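Notes for the one structure printed next.
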Amino acid sequence: MTTSKNPLSKFLESCDDLDCVLFDFAPYWLPDIATSLGIPNVIFSIFTAASLSFVKPASAVDDRSKPEDFTFPPKWVTFPTSVTLRLFEVLRIFEQSLDPNVVSDIYRLQEGMKGCDMIAVRSCMEFEPEWLHLLEEIHGKPVIPVGVLATTEYDTGEENQTWRSMKDWLDKKKKGSVVYIAFGSEAKPSQVELTEIALGLELSGLPFIWVLRKHRGSVDTESIELPEGFEKRTKAQGLVCTSWAAQLKILAHDSVGGFLTHSGWSSVVEALQHARALILLTFLADQGINARGFGGEENGVFDTKKREERIFHKGFSC
C-alpha cells in the first residue's frame, strides 16, 4: 500500500475540483497528503463504532502494555459495558503488531482517525448510539453513521452447479430448520475447534449447510480436516461445501433459520438483513466486540466464562 503513496499524491495534486477524499484505514498516510493540499478527508470504517472506540485516540494517554491489560474496556470508555476482548483475541492482535516489517491494522486506524477531518462508520444510531457518541467525543471531530449498508443485490447470479445442488437440497427442508455455517475469508478454527463443532452438529441432528475453507490463502500451510467419517455419517443430515458459495442466496432461502458465523460485521449484517438467528463465534480482530455487542450468551453469543482462553466442546454445539 505504501508503494501507492507517491502516485496518489501526484494524482491529488493534479485534481483541482475535489470536494473530499474518502479512504479506509489502509492508506493511513493519506490525511497528511490531503491536508497539505487543502482537501477535506474522511476515513470510512467497515468496523463498528464500538470496535473503533477500543483503538487509542490521540487525546488519550494509554498506559496498557501487557495483553492482559486489553481484556478490560479502556479508561476512556465512560459508561458501564460488558463489551471487551478475551485474551486469546488480544494475543492474535499482538502477534501481528510484533512483526517489524508489517504496519499493524491498529496503527493504521490510529493514524487515519487522528489525521482525518471526519469519521464515517458502517453503523447506525439504533444499534450503538452510546459508542457513536463516545467516538465523536474522544476524537473531537464529527462521526457520521452511514447505516449498516445491507447488500441490495444478490451475487451476480451465476447459477452454477454448486448453488443449484444447494437449492435443490434446501427446497426439501422445512422452513427455518437449516443451520448455515461459514467463518468468512480470514478466520479459521483450529483443528480441535473444527472437530468439536463438527461433532456437535452431528449430535444436534439439525440439517446444515457448511461452507468450509480448509486453507486461508497461499500463506496458510496448515490444513484443517473434518473428523474421519463425518461427511459419510451426516450425508442425510447436511451438506459440506469446500468451494465458493453464494452466501446471500443461502441466507435468503426460507429453509435457513440460523447462521453460525465468525462474527465478522458484514456477515452479521447479512444475517440480520434476512432475519436469521445468529450464533456468534469469535476468532480475531473486531469479532469479539461485535459478538458481545449483542448482549452475551443469552442472545446467542458463543463465549467462554474464562478470560484466559477459549475452550469449547461438542456439547455446547448440540
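When you line the sequence shown up against the working numbering, it's residues 775 to 1092, in that order. For each residue, glycine too, the CB sits at the ideal point set by N, CA and C. Please read these numbers as outputs of a predicted model, since none were measured by experiment.
Supposed close pair residue i, residue j - CB separation, criterion 8 Å
{"i": "Trp1039", "j": "Arg938", "result": "Their Cβ separation, rounded to whole angstroms, is 30 Å, which puts Trp1039 and Arg938 out of contact at 8 Å."}
{"i": "Asp891", "j": "Lys915", "result": "7 Å"}
{"i": "Pro1001", "j": "Leu973", "result": "6 Å"}
{"i": "Ile1053", "j": "Met940", "result": "Between Met940 and Ile1053 the Cβ distance is about 20 Å, and since that is not below 8 Å, they are no contact."}
{"i": "Gly1062", "j": "Arg860", "result": "6 Å"}
Other residues of its chain near residue i: CB distance less than 8 Å, five sequence neighbours each side excluded
{"i": "Leu786", "result": "Leu792, Val795, Ile807, Ala808, Leu811 and Ile813"}
{"i": "Phe853", "result": "Glu904 and Leu908"}
{"i": "Val829", "result": "Ile880, Leu883, Gln884 and Met887"}
{"i": "Lys1079", "result": "A caution first: Lys1079 carries a pLDDT of 41, below 50, which makes its placement in the model unreliable, though a value can still be read off. Here the set comprises nothing."}
{"i": "Cys898", "result": "Pro919, Gly921 and Val922"}
{"i": "Leu906", "result": "Ala823, Val895, Ser897, Met899, Val917 and Pro919"}
{"i": "Pro847", "result": "Phe828, Thr855, Val857 and Thr858"}
{"i": "Pro963", "result": "Phe957, Ile971, Ile998, Leu1055 and Phe1057"}
{"i": "Glu902", "result": "Thr822, Ala823, Ala824 and Gly1067"}
{"i": "Lys948", "result": "Ser1029"}
Own chain, CB closer than 6 Å to residue i, minus 5 neighbours either side, in chain order
{"i": "Leu909", "result": "Ala823, Leu826, Ser827 and Val917"}
{"i": "Leu804", "result": "Phe797"}
{"i": "Ala834", "result": "Trp850"}
{"i": "Tyr954", "result": "Ile983, Ile1024, Val1030 and Phe1033"}
{"i": "His1027", "result": "Leu944"}
{"i": "Ser783", "result": "Ile807"}
Option nearest residue i by Cα separation, candidates the options
{"i": "Lys988", "options": "Ala961, Leu980, Gly979 and Ile998", "result": "Ile998"}
{"i": "Lys779", "options": "Lys962, Asp790, Ser788 and Pro801", "result": "Pro801"}
{"i": "Gln1021", "options": "Lys946, Phe1004, Leu986 and Glu1005", "result": "Leu986"}
{"i": "Phe821", "options": "Arg838, Val922 and Thr852", "result": "Val922"}
{"i": "Gly958", "options": "Ser788, Val1042, His1048 and Gln1047", "result": "Val1042"}
{"i": "Gly1003", "options": "Glu976, Leu906, Gln1061 and Val851", "result": "Glu976"}
{"i": "Asn1064", "options": "Phe818, Gln965, Ser856 and Cys789", "result": "Ser856"}
{"i": "Glu1005", "options": "Arg1050, Thr969 and Val1030", "result": "Thr969"}
{"i": "Val952", "options": "Arg1050, Ala924, Ala1019 and Thr777", "result": "Arg1050"}
{"i": "Phe799", "options": "Thr925, Ser788, Val816 and His1048", "result": "Val816"}
{"i": "Glu1044", "options": "Thr925, Lys784 and Pro847", "result": "Thr925"}
{"i": "Gly1067", "options": "Cys789, Thr858, Glu911 and Thr777", "result": "Thr858"}
{"i": "Ala894", "options": "Glu911, Ser819 and Leu906", "result": "Ser819"}
{"i": "Gly966", "options": "Glu996, Gly950, Lys949 and Lys948", "result": "Here residue 966 is Val; the residue named in the question, Gly, does not match the sequence. Out of Glu996, Gly950, Lys949 and Lys948, Glu996 has the C-alpha closest to the C-alpha of Val966."}
{"i": "Asn934", "options": "Pro847, Ala1019, Leu782 and Cys789", "result": "Ala1019"}
{"i": "Gly950", "options": "Thr777, Pro781, Ile912 and His1048", "result": "His1048"}
{"i": "Asp836", "options": "Ile971, Ile912 and Ser788", "result": "Ile912"}
For residue i, the first and last residue of its enclosing beta strand (DSSP E)
{"i": "Trp984", "result": "Phe982 to Val985"}
{"i": "Tyr954", "result": "Val952 to Ala956"}
{"i": "Ser819", "result": "Asn815 to Ser819"}
{"i": "Gly1031", "result": "Val1030 to Thr1035"}
{"i": "Phe1095", "result": "This structure leaves residue 1095 out entirely; the chain is present only between 775 and 1092."}
{"i": "Gly1012", "result": "Gly1012 to Cys1015"}
{"i": "Ala894", "result": "Met892 to Val895"}
{"i": "Pro919", "result": "Val917 to Pro919"}
Boundaries (first-last residue) of the alpha helix (DSSP H) holding residue i
{"i": "Ser1041", "result": "Trp1039 to Gln1047"}
{"i": "Thr926", "result": "Taken as a continuous stretch (DSSP letters only), Thr926 belongs to no alpha helix (DSSP H), as it is neither H nor E."}
{"i": "Ala1051", "result": "Here Ala1051 belongs to no alpha helix (DSSP H); instead the beta strand (DSSP E) covers Ala1051 to Leu1054."}
{"i": "Val966", "result": "Gln965 to Ser978"}
{"i": "Leu944", "result": "Gln935 to Asp945"}
{"i": "Leu782", "result": "Lys779 to Ser788"}
{"i": "Pro903", "result": "Pro903 to His913"}
{"i": "Pro1001", "result": "Per DSSP, Pro1001 belongs to no alpha helix (DSSP H) and is neither H nor E."}
{"i": "Pro805", "result": "Leu804 to Ser810"}
{"i": "Leu1025", "result": "Gln1021 to Ala1026"}
{"i": "Val879", "result": "According to the sequence shown, residue 879 is Asp rather than Val. Asp879 to Gly889 is the span of the alpha helix (DSSP H), which, as asked, contains Asp879."}
{"i": "Leu792", "result": "Leu792 -> no alpha helix (DSSP H), and no H or E assigned at all."}
{"i": "Leu872", "result": "Here Leu872 belongs to no alpha helix (DSSP H), and DSSP marks it neither H nor E."}
{"i": "Leu826", "result": "Ala823 to Ser827"}
Close-in-space but distant-in-sequence residues of the same chain around residue i (CB under 7 Å, 5 per side omitted)
{"i": "Ser1017", "result": "Thr936"}
{"i": "Phe868", "result": "Pro841"}
{"i": "Arg1007", "result": "Glu976"}
{"i": "Ala832", "result": "Lys888"}
Touch test, the segment 1018-1037 against the segment 1045-1063, Cβ-Cβ under 8 Å, three pairs minimum: yes
Validate contact between the segment 869-878 and the segment 840-848 using beta carbons, cut 8 Å, 3 pairs: no
Touching by the beta-carbon criterion (3+ pairs, under 8 Å), the segment 936-950 and the segment 862-870: no
The segment 1005-1022 / the segment 974-983 touching (three or more Cβ pairs under 8 Å): yes
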